[in-house]
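Chains A and B, in that order, give the protein sequences. According to our numbering, the first sequence is numbered sequentially starting from 439. According to our numbering, the second sequence is numbered sequentially starting from 88. We put the beta carbon where it would ideally sit given N, CA and C, even for glycine. Quick caveat: nothing in here was measured; it's all calculated off a predicted structure.
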Amino acid sequence: MLLRDFFSTDTIKLDLEAETKDDALKELVTLFGLDDKSEGILFKMLKRRENLGSTGIGRGIAIPHCRSLVVNRLRVAFGRQASGLDFKAIDGKPVRYIFLIVAPPLEVSNQYLPVLGKIAQFGKEPDVPEKLAALEKEQSFIQLLESKGI
Amino acid sequence: MHPQLELLLEIQDLRSQSVGLHEEPLRAVESKVFDVEIEDAVRRLDEKVIELEERLSPEVRQRYRLITDKGDRAVVPVLSGICYGCFMAVPTAWASEADRNRRIDVCENCGRFLYHVD
Numbered sequence: 439m440l441l442r443d444f445f446s447t448d449t450i451k452l453d454l455e456a457e458t459k460d461d462a463l464k465e466l467v468t469l470f471g472l473d474d475k476s477e478g479i480l481f482k483m484l485k486r487r488e489n490l491g492s493t494g495i496g497r498g499i500a501i502p503h504c505r506s507l508v509v510n511r512l513r514v515a516f517g518r519q520a521s522g523l524d525f526k527a528i529d530g531k532p533v534r535y536i537f538l539i540v541a542p543p544l545e546v547s548n549q550y551l552p553v554l555g556k557i558a559q560f561g562k563e564p565d566v567p568e569k570l571a572a573l574e575k576e577q578s579f580i581q582l583l584e585s586k587g588i
Numbered sequence: 088m089h090p091q092l093e094l095l096l097e098i099q100d101l102r103s104q105s106v107g108l109h110e111e112p113l114r115a116v117e118s119k120v121f122d123v124e125i126e127d128a129v130r131r132l133d134e135k136v137i138e139l140e141e142r143l144s145p146e147v148r149q150r151y152r153l154i155t156d157k158g159d160r161a162v163v164p165v166l167s168g169i170c171y172g173c174f175m176a177v178p179t180a181w182a183s184e185a186d187r188n189r190r191i192d193v194c195e196n197c198g199r200f201l202y203h204v205d
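Given below as structure tokens:
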């Protein structure tokens, strides 16, 4: 299982317009193409997860995640907001790179935790923030994942 | 979407999150990677579940209690016409209607609330 297999260019947005954490979550959720009600439920769940503790793991990276019935398979998205967002991250620094992960509660292939773990591992690599900052095209993000071999 | 179904989905998602925090390896990931205080998080989620359960209508709450008191999931997805609670086919007409989540559907076999997800 490779991370790149879960991303497609239509769920990658390198120029998030959001200027708040909430708006960034909403903007990323829209990339999944759900109906309005489902988007609302998913946003609420992500907010509730954030209220338990920020998913900002430091170095400008956040990994909001939850399980929800509104998706029928594991969904992932990536967004970049160049000026940075107040995410109440562990290191107190603004978040620029957001990896969103959502999985259904009943997941036969059980990919949620491995994907969450791999993205956390990816985010801890020393050169990753710099490389994410330099991305010019959505496809380059996928190539970056490929180059890391995770 | 039917407002009671929307409420049921929220409750079920919160319960899934709470159950997940009791189980490894998610418990360890949330604690070590995201610095979540597990016991406090579970308590807050469970309190929210109780709060939302109060908003269920008497009829829906009665069925919900019948299912959850047995330790089962109250709401399950329907995928490709199959109830993912008991893995039996649901009536074809239900699965194909565009407005299917605008009413409360219940599996005729296992009695769980159904959410048509695809």
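- From the listed residues A:Val-533, A:Asp-529, A:Leu-551, the smallest Cα separation to A:Ile-539 is found for A:Leu-551.
- With respect to B:Ser-105, B:Asp-133 sits close: the two C-beta atoms are nearer than 8 Å.
- Under the criterion of beta carbons closer than 8 Å, A:Lys-459 and A:Phe-481 do not qualify as touching, at roughly 11 Å.
- As computed with DSSP, B:Asp-192 is found in a beta bridge with B:Leu-201.
- If one requires a minimum length of 3 residues, the beta strand (DSSP E) runs lying completely within the segment 509-539 of chain A are 513-523, in chain order.
- Here the segment 160-171 of chain B makes contact with the segment 187-204 of chain B; the two share three or more CB pairs at distances below 8 Å.
- Following the DSSP letters along the chain, one finds A:Gly-494 in no alpha helix (DSSP H) but inside the beta strand (DSSP E) bounded by residues 494-496.
- In this structure, the straight-line span from the alpha carbon of A:Gly-478 to that of A:Ser-506 is close to 12 Å.
- Residues of the segment 95-106 of chain B with a C-beta less than 8 Å from any C-beta of chain A: Leu-96, Glu-97, Gln-99, Asp-100, Leu-101, Ser-103, Gln-104, listed in chain order.
- Close CB contacts of B:Cys-173 within its chain, under the 7 Å cut and outside five residues either way in sequence, are with Cys-194, Asn-196, Cys-197 (chain order).
- Where B:Arg-150 is concerned, the enclosing alpha helix (DSSP H) starts and stops at 145-155.
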